[in-house]
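Residue numbering for the sequence shown is 1 to 197, as defined by our numbering. Written below as structure tokens is the structure these notes are about.
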Amino acid sequence: NDFKWIAQLRYYWEQNSNSAYQDREDVVVKMITTTIMYGYEYLGNSGRLVITPLTDRCYRTLMGALQLDLGGAPEGPAGTGKTETSKDLAKAVAKQCVVFNCSDGLDYKAMGKFFKGVAQAGAWACFDEFNRIELEVLSVVAQQIHSITMAKVRRAKRFMFEGTDLELDRSCMIFITMNPGYAGRSELPDNLKVLFR
């Protein structure tokens with residue numbers, strides 16, 4: 001029960017209560033109060049991040065967001081490892097993480113296509129420099145992310161997304177990274193802020 005221990009990313013071989021096969025055992029990943037299924041996505045033998053107190057704290061926040069069915073939103077100056085930390089956490093739980101660099105030319109239709117794929121595949125997506133997207137587009141994107149978040153909270157197997165009936169893989173996750181205080185950056189609308197930790 002020591003916090004130093006439960007704050008570590010830990011792997012266990014346990015009975016899978018979420019499985020259709022009640023006697024099936026599976027790998028689960030735990031950190032503090034969060035327990036998620038291991039993804040089993042083979043990602044190759046690439047390098048990992050050096051663990052520092054900052055990456056530890058970021059992992060705890062992102063894992064807490066997973067527990068609450070919310071997205072993760074690391075924020076800070078350029079070059080501090082926001083995107084790399086998100087990617088490294090995905091690698092630690094064996095989930096594919098697709099990184100997308102946002103620009104002010106993005107529209108809600110392109111984002112909608114991306115969200116459809118993420119929701120159905122159960123992949124993780126990291127939208128880098130998310131606050132470069134124009135405010136008008138962010139407002140619609142907030143509704144798109146809200147639709148996926150509410151389907152995850154309801155534990156739905158299928159949900160309607162912009163008029164399309166989609167199958168939902170609840171292990172999907174959306175990260176956004178932001179560089180505040182730079183020219184050409186939008187302030188996130190409140191209805192978007194509440195969907196992220």
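Built from N, CA and C at the ideal position, the CB exists for glycine as well.
Nearest-angstrom Cα distance between residue 129 and residue 149?
-> Their Cα atoms are separated by approximately 21 angstroms.
> Going by Cα to Cα distance, which pick from 102, 111, 147 is closest to residue 177?
Replying inline: Distance check between residue 177 and each of 102, 111, 147 places 102 closest, using alpha-carbon atoms only.
**Asked** In its own chain, which residues sit with a C-beta less than 8 angstroms from the C-beta of residue 108, not counting the 5 before and 5 after it?
**Response** Once the five neighbours on either side are set aside, the close Cβ partners of residue 108 are 137, 140, 141, 144.
Taking only three categories from DSSP, how would you classify residue 154? In the structure shown, residue 154 sits in coil (DSSP, three-state: anything other than H, G, I, E or B).
Residue burial classification, residue 93 (beta-carbon count within 10 angstroms, cutoff 16):
Taking a 10 Å sphere around the C-beta of residue 93, we find 16 or more other C-beta atoms and assign the residue as buried.
- Item | Residue closest to residue 11, alpha-carbon to alpha-carbon, out of 4, 26, 1 | Answer by Cα proximity: 26.
Counting Cβ pairs closer than 8 angstroms, one from the region 111-129 and one from the region 168-182, do we hit at least three? The region 111-129 is in contact with the region 168-182.
- prompt: At which residues does the beta strand (DSSP E) containing residue 15 begin and terminate?
  reply: For residue 15, the uninterrupted beta strand (DSSP E) segment begins and ends at 10-15.
#### Entry: Counterpart residues of residue 75 in DSSP-defined beta bridges
Paired residue(s): 178.
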